[in-house]
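Visitor:
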């Protein structure tokens, strides 16, 4: 259960990072 919680946390962190990266890419042009 703990590992599953850590996995979901990591996925959330990755999603947030991807969203920020997408925003930055959209701002570049």
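In the working numbering, the protein residues as written are 354 to 382. For each residue, glycine too, the CB sits at the ideal point set by N, CA and C.
1) Can you tell me the Cα-Cα spacing of residue 365 and residue 372, whole angstroms?
2) Put residue 381 into one of helix, strand or coil per three-state DSSP.
3) Roughly how many angstroms separate the alpha carbons of residue 368 and residue 382, rounded to a whole number?
Guide: Short version:
1) 11 Å
2) coil
3) 23 Å
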